[in-house]
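Working notes for the structure below.
Number of protein chains: 2
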Amino acid sequence: MNLALLCRLLALVAILIGGFMALSLPWALPAFGGQWQYERDGFWGLLGAMAICFAVGAVLRLLGRKASGQLFRKEAMAVVGLSWVLATVLGAMPYLLSGTYRTAEARMSPVDAMFEAQSGFSTTGATVLTELEDAHFVPRCILFWRSSTHFLGGMGIIVLFVAILGQGSAGKALMRAEMPGPSHESGHARIQHTAWVLFLVYAGLNGLLTVLLLLENLSLFDALCHAFGTMATGGFSTYSDSIGHFATVPGCNGPLIEMTITLFMFLAGTNFMLLYALVIFRPKRLLADIEWRTYVTILAVVTVAVIGFGLAHGDFGQNGTARAGAEVDDEQPATAVDHERETEPVPEGDDKPSRDKDEPQSFLQAARYSLFQVVSIMTTTGFCSDDFDRWNSFSKGILLVLMFIGGCAGSTGGGLKVIRHILFAKTLRLEVEQAYHPSVVRPLRLGGQPIEAQILRKNILVYFGLILGIFAAAWIFTITVEPNSTWNDYGHKHEHKLIDAASCVAATLNNIGPGYGVIGATKNYTNFTAPSKLLFIWLMMLGRLELFVIIILFVPSFWRSP
Amino acid sequence: MNLALLCRLLALVAILIGGFMALSLPWALPAFGGQWQYERDGFWGLLGAMAICFAVGAVLRLLGRKASGQLFRKEAMAVVGLSWVLATVLGAMPYLLSGTYRTAEARMSPVDAMFEAQSGFSTTGATVLTELEDAHFVPRCILFWRSSTHFLGGMGIIVLFVAILGQGSAGKALMRAEMPGPSHESGHARIQHTAWVLFLVYAGLNGLLTVLLLLENLSLFDALCHAFGTMATGGFSTYSDSIGHFATVPGCNGPLIEMTITLFMFLAGTNFMLLYALVIFRPKRLLADIEWRTYVTILAVVTVAVIGFGLAHGDFGQNGTARAGAEVDDEQPATAVDHERETEPVPEGDDKPSRDKDEPQSFLQAARYSLFQVVSIMTTTGFCSDDFDRWNSFSKGILLVLMFIGGCAGSTGGGLKVIRHILFAKTLRLEVEQAYHPSVVRPLRLGGQPIEAQILRKNILVYFGLILGIFAAAWIFTITVEPNSTWNDYGHKHEHKLIDAASCVAATLNNIGPGYGVIGATKNYTNFTAPSKLLFIWLMMLGRLELFVIIILFVPSFWRSP
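Line by line, the protein sequences are chains A and B. Each residue of the first sequence is one higher than the last, beginning at 1 in our numbering. Each residue of the second sequence is one higher than the last, beginning at 1001 in our numbering.
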């Protein structure tokens, strides 16, 4: 292992993170709307954290001053894994040094701070902060740092994607499968070009969404934070009610904001190479892509099902967030139906027209909440507009399954990725056929193209196997170390521990954020004990880096062998 | 597809089942303790069912009269799959024709009857019958038929195991891996020999357990039924409280009966080839077997953990079954501690010695319930001696994981089998290593022996992949079709639907029987709707026949191709 080279590359990461922290400083200033008496600690905390980043960067640079030689596969993997570990520690510094409050009573511990940092970088969006809206507890500049970790993390994923593209690994086979166009060469120049293109698409969409949200009456601060959260499929909001908040703000058009964000979540879950094809006016590539078509189909089918079951069970707008949303939604506060009756002449009896009016309205409402939530979960963003924890069991169950599907390869979305599920299903189908036709060997086809069969098929199965093993082990760990009081002391029932813990593991491993029960749409991770939080930090990292580069960090022979 | 040959072989199955029904007839007679006024319907029902079996057998024999040619791989698979379908339908006849009651109010529907038959043949032990102890609702001869389906099913599994041994399939590679000894040839003679040996071990253990249970004061009827339930790892009892019942019967030594059954469940989960080695005084084979050692290790570790967590949470004896058991257990009804104080002189203060006495007693109690339940679940038997549904979340979670592990290959136990988990873990470890050492190809080793790597590794992964896919699909199906009223109307909470449904799917797919909530240790499957019951029938069959032979029955090209 070429440790000097490792240090040199990690130094870059530390300096990059320190540099990014500077962008959060202005929000502490009165000129940008900061109240200095609250922001002071945040400001100095950020400055301190920057100093640490640059110091760490300098030390690493010094250690790596004699670096020579090439970056081989093993070093590349180590750099990726370690840079995320480093980012977690450095990204936690602003929270710690500013003395940000986890709840109204307690400040963040080092574990809390690392959890929040990892959740940001991995674009999970799981939070331990409960008092987001009070600058006394969480300064605005810290809140901005929190959202900008999403932006950085999303960028890291894109860089990673390009790195995988450039390697002669199984990842390449995967990419080739769904990379449109005839050109498959991967010279150095082409990789650099690809990296720039993807970065520009990412940055451009962030900018576009910010502008749209500004036009929809959000402040610059909120617009930027929510654009970061959306395009990185992160999910950190600046409000405890998440996106549901805007429906309660006078002057904001809740449904319009939700639908804007839905569209951009959808784009963030799409392969960025295909978005680029769209930009250069080649939409056919997008429409011809099997993965994208499957992604759209799943979203459509599940949304329709969630609307249907939700209407049958009367799911929508049962709670605070949603009811508030529902009321403002139609710009008829409180007595929507009565109001309607007064303004419009009612030709027949009193009851019938009001019911007629009622039904399309609740259908629209159902469509609005369902579409938003399905897209938010499947793209692994994790924004909420309704308390889906109170929905019917079918909807909750299917959302839990969607968590494991995730976005398209080459997007900022997490989960297992749609393409892996397609290949998984095709592999299993072929294997069943081989059980009674052992002599027939058929190639795996994707969109008509045969795929180098054996290695890819095995890799897909191994990936699912690892996810299964990690999920089971993490689930047992969580229910073992987490005491019943984590449920009982905060108005939950420990009888729900098994399913709640499963949703915690699913939501962190797949980088979503919210789940059920204690971590439901209106709840957060604040009450978990430190061992569980450490586990979740590890799961978020595992999920984001597609398992391998994190797992191997824990294999002694990886470090020992030449 | 050689359909004539298929019919000819299926005819044998129908006649075998009809013949076995005759063995249940005597229990209706007063000479064997039957009360004729209750047994009459059962007796005629059984006779009618026998007539149907023989008629079906005759028709199939007629259709197959021109059968010729050899039994090829495809026909063999079709015969196995179809014979279990046929057995389900024919095995349901006695329940239907006798008009057995599902609850005190309702008779069994055709779906109920097929559920009970499939649960018996697949040695699952899941039941829809609630009034087991009242001959007015469930005649004794029908109850005996129910238990003897376990015996038949267990035998079928052993025959299947031999059939797999004799095939040049992946199953053979799996068997070879854990078949001890140097002789690997598999001529026709050797297969027949093996089949006889295994059958004799199975029948012998059934007989031995029956005798032991008789000596422990059970009636012949109960002894036979529980021996069938134990050795087939089935789990049908003749009492609603399962094995916990005997602790409440005066004259029966509850703990002794439980430990006897624990031992035999443990044996039933062991590879029968190894039990044969034990019989011919070669215990070294058993001790050297990797799978068996892993099986013992898992049982030991989990039992210790369940004892520890159970004591910490005060789990044991919380409910009817267990409390009753606990009281009789120490032969000190009701006021155990007080009684102790009276008989023994207390040297010091009043409190201390009674607590000292108390602790070892509750430890023994914990060990007794924990060991029984862990062995019962891991071997996929499903007997209960305590209401483990009320245990702490760790114990419930780990039992759910054990359900997927199951017994050893070549036993009557269900689940995925221990050997598959060993190979799964080893495969994943090798794959992680290959991620950073792509050029190194190491063979998979088991007990020092290298294993034909590629095909086996892929097959293991495919099996886990199929289980995962089936589990997820069945879970979504169950929560979708089963209304909340299945929970709410019977004293359960529909908020537990997600986890309860997961346990239903796990308990049927892995052939265990009981699970959590609506199907907890003291509950059963009676309140489910017909679609769910049909799904569970299918899952039990899938799990029992190791997926493939059932899945292919639903693949059109399996039937079409030559």
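C-beta: ideal position from N, C-alpha, C; glycine also. Predicted model only: the values in this text are computed from it and were never measured.
| Asked | Found |
| --- | --- |
| Would the segment 508-520 of chain A count as touching the segment 1401-1419 of chain B if we require 3 or more Cβ pairs under 8 angstroms? | no |
| Can you tell me whether residue 550 of chain A is buried or exposed, with buried defined as 16 or more other CB within 10 angstroms of its CB? | buried |
| Taking 8 angstroms as the cut-off, does the CB of residue 149 of chain A come closer than this to any heavy atom belonging to the ligand SAH? | Absent from the structure shown: the ligand SAH. Ligands present: none. |
| From which residue to which residue does the alpha helix (DSSP H) around residue 1295 of chain B run? | 1290-1313 |
| Does residue 102 of chain A come out as helix, strand or coil in the three-state DSSP assignment? | coil |
| With a threshold of 9 angstroms between beta-carbons, can residue 465 of chain A be considered close to chain B, or not? | yes |
| Taking the beta carbon of residue 1386 of chain B as the centre, do at least 16 other beta carbons fall within 10 Å, making it buried, or is it exposed? | buried |
| How many whole angstroms separate the CB atoms of residue 980 of chain B and residue 1472 of chain B, which I take to be in contact at a CB cut-off of 8 angstroms? | With chain B running from 1001 to 1562 in the structure shown, residue 980 of chain B is simply not present. |
| Kindly indicate which three-state DSSP category residue 1107 of chain B falls into: helix, strand or coil? | strand |
| Given residue 1295 of chain B, which residues of its chain have a CB within under 6 angstroms of its CB, disregarding the five upstream and five downstream residues? | 1408 and 1418 |
| With contact counted as at least three CB pairs below 8 angstroms, one residue from each stretch, are the segment 1523-1543 of chain B and the segment 1429-1437 of chain B in contact? | no |
| What does residue 75 of chain A reach in chain B if we use C-beta pairs closer than 7 angstroms? | Here the premise fails: no neighbours, minimum Cβ distance about 10 angstroms. |
| So which residues of chain B does residue 301 of chain A contact, with C-beta pairs closer than 9 angstroms? | Neighbours of residue 301 of chain A on chain B: none; closest Cβ ~12 angstroms, over 9 angstroms. |
| Please return the same chain residues whose Cβ sits closer than 7 angstroms to the Cβ of residue 1016 of chain B, not counting the five positions on each side in sequence. | none |
| Anything in chain B within Cβ reach of residue 435 of chain A, meaning under 7 angstroms, just list it in chain order. | 1548 and 1552 |
| Could you check which residue in B/1412, B/1299 and B/1311 has the C-alpha nearest to that of residue 1372 of chain B? | B/1299 |
| DSSP on residue 391 of chain A, reduced to helix/strand/coil? | coil |
| Does the separation of the CB atoms of residue 257 of chain A and residue 268 of chain A fall below 9 angstroms? | no |
| Would the segment 5-16 of chain A count as touching the segment 42-50 of chain A if we require 3 or more Cβ pairs under 8 angstroms? | no |
| Comparing alpha-carbon positions, which option in B/1080, B/1038 and B/1026 lies nearest residue 1007 of chain B? | B/1080 |
| Please state whether DSSP places residue 1252 of chain B in a helix, a strand or coil. | coil |
| By Cβ distance, which residues of its chain are closer than 7 angstroms to residue 210 of chain A, with the 5 residues on each side in sequence left out? | 223, 224 and 227 |
| Checking 9 angstroms against the spacing of the C-beta atoms, do residue 1303 of chain B and residue 1375 of chain B come in under that value? | yes |
| Please say whether residue 1270 of chain B and residue 1569 of chain B have beta carbons closer to each other than 9 angstroms? | Residue 1569 of chain B lies beyond the range of chain B shown here (1001 to 1562); nothing can be said about it. |
| So which residues of chain A does residue 1396 of chain B contact, with C-beta pairs closer than 7 angstroms? | 498 |
| If you measure from the beta carbon of residue 291 of chain A to each beta carbon in chain B, is any gap under 9 angstroms? | no |
| Would you mind telling me which residues of chain A sit closer than 7 angstroms to residue 1472 of chain B, beta carbon to beta carbon, in chain order? | 401 |
| In or out: residue 297 of chain A buried (at least 16 other Cβ within 10 Å) or exposed? | exposed |
| Among A/414, A/490 and A/494, which residue has its Cα nearest to the Cα of residue 1392 of chain B? | A/494 |
| Need the endpoints of the alpha helix (DSSP H) that residue 1565 of chain B sits in, please. | Residue 1565 of chain B cannot be examined here, being either before or after the span of chain B that is shown, 1001 to 1562. |
| Determine the burial state of residue 396 of chain A: buried for a count of at least 16 other Cβ atoms within 10 Å of its Cβ, exposed for fewer. | buried |
| If the criterion is Cβ atoms closer than 9 angstroms, does the pair residue 1142 of chain B and residue 1195 of chain B meet it? | no |
| Counting only C-beta atoms, is residue 321 of chain A closer than 9 angstroms to chain B at any point? | Any answer about residue 321 of chain A is weak, because its pLDDT of 42 lies below 50 and its placement is not dependable; what the coordinates show is given next. Judged by the 9 angstroms Cβ criterion, residue 321 of chain A is not in contact with chain B. |
| In angstroms with no decimal places, state the Cα-to-Cα distance between residue 148 of chain A and residue 1122 of chain B. | 56 angstroms |
| Go through its chain and collect everything with a Cβ distance to residue 475 of chain A's Cβ below 7 angstroms, but skip five positions before and after it. | 501, 502 and 505 |
| For residue 1041 of chain B, tell me which candidate among B/1497, B/1139, B/1022 and B/1107 has the shortest Cα-Cα distance. | B/1139 |
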